[in-house]
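*Asks:* Have a look at this one.
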Amino acid sequence: MNLPQPIMNIEAKVMRIIHYVSALFSFLLSPMLMPTYGMIIAFEMSTYQILLTTDKLTVISVIALMTFVVPTILISLMKYFGIISDVHLNLRRERLYPYAMIVVCYLVSALYLFNINAPTWMWMFLFGAGMAAMVSLTVNFLWKISAHMAGIGGLIGLLCKINSYGDGIFDLMPVICCLIIVAGILGSSRLAMERHTLGQVLAGVINGFLCVFLL
């Protein structure tokens, strides 16, 4: 049975709104922004909050440069030179070079934190993120794992690690629970945009969490 035209128009508007909201969540929770968010959390919710603001901003800026600005520029150049057709990397076959570049950026960032004597859990967060990207890159030859979900899974892993080390300035479990809810919203957004299947979403968050928390 065909629906009346006004109802069809309303459904179309609702779907457009859902798509726009999902796209906004996907942008704000981009996997390339997660290391920067992680550093902000690390400095504001751990005992390292006592460091000088200038020192914290310097570290956060370097991490943002290496894990967001540099990859964004390089991916844009890949699009410009025709290496990839979409900066969002929706096509599995086009993910090889961008993912490899992201892995390198994450590992260089981890080395930077190690060299400035950051706590183990801090530089291992970036190392774990690099390993999660490596897992995604490897699996990508056969299947597609959600990089967005790997990113937020890694962020959850970081909070759990700070909590387990006893370095939180308060019990982080409420924050972790809130972040799990945000992960659910992000996963729903990726599904609503038809970027991934449920299995790919779950595989992504598990990949990110385990690579960060267990290392």
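Letter by letter, the sequence shown follows residues 17 to 231 in the working numbering. Note that beta-carbon positions come from the ideal geometry of N, C-alpha and C, so glycine has one too. From a predicted model like this one, the values you see are computed outputs, not experimental measurements.
With burial defined as no fewer than 16 other Cβ atoms inside 10 Å of the residue's Cβ, what is the status of residue 137: buried or exposed?
*Replies:* So residue 137 counts as buried.
*Asks:* According to DSSP, simplified to helix, strand and coil, what is residue 62?
*Replies:* Of the three classes helix, strand and coil, the one that applies to residue 62 here is strand, per DSSP.
*Asks:* Tell me whether the beta-carbon of residue 169 lies closer than 9 Å to the beta-carbon of residue 119.
*Replies:* No, the Cβ-Cβ distance between residue 169 and residue 119 is not below 9 Å.
*Asks:* For a test of the three-state rule: what should DSSP assign to residue 98, helix, strand or coil?
*Replies:* Three-state result, residue 98: coil.
*Asks:* Could you spell out the range, first to last residue, of the alpha helix (DSSP H) harbouring residue 82?
*Replies:* Run containing residue 82: none; DSSP gives neither H nor E here.
*Asks:* From the DSSP output, in three-state form, read off residue 224 for me.
*Replies:* Reduced to three states, the DSSP call for residue 224 is helix.
*Asks:* Do you know how far the Cα of residue 48 is from the Cα of residue 215?
*Replies:* The alpha-carbon atoms of residue 215 and residue 48 are separated by roughly 22 Å.
*Asks:* Express the C-alpha separation of residue 128 and residue 122 in angstroms, rounding to a whole number.
*Replies:* Answer to the nearest angstrom: the Cα atoms are 10 Å apart.
*Asks:* Could you give the DSSP three-state label for residue 184: helix, strand or coil?
*Replies:* Strand.
*Asks:* Please confirm if the segment 193–200 is in contact with the segment 70–77, defined as three or more CB-CB distances below 8 Å between the two stretches.
*Replies:* As far as the Cβ criterion goes, the segment 193–200 does not touch the segment 70–77, which means the pair count is below three.
*Asks:* Once you ignore the five residues that flank residue 17 on each side, which residues in its own chain have a CB closer than 7 Å to its CB?
*Replies:* Because residue 17 sits at a pLDDT of 48, beneath the cut-off of 50, its placement in the model cannot be relied upon, and the following sentence gives the value as read from the coordinates. Within the same chain, residue 17 has no close Cβ partners at all.
*Asks:* Around the Cβ of residue 223, are there at least 16 other Cβ atoms within 10 angstroms (buried) or fewer (exposed)?
*Replies:* Counting Cβ neighbours within 10 Å, residue 223 comes out buried, since at least 16 surround it.
*Asks:* Just the Cα atoms here: how many angstroms apart are residue 185 and residue 63?
*Replies:* Rounded to the nearest angstrom, the two C-alpha atoms are 6 Å apart.
*Asks:* CB residue 51 to CB residue 188, shorter than 9 Å?
*Replies:* Against a cut-off of 9 Å, the Cβ pair of residue 188 and residue 51 comes out as no contact.
*Asks:* Using a Cβ-Cβ distance under 9 Å, would residue 94 count as near chain B?
*Replies:* Annotation note: the requested chain B is absent from the structure, which comprises a single protein chain.
*Asks:* Nearest by alpha-carbon distance to residue 175: which of 61, 42 and 227 is it?
*Replies:* Nearest of 61, 42 and 227 to residue 175, Cα basis: 61.
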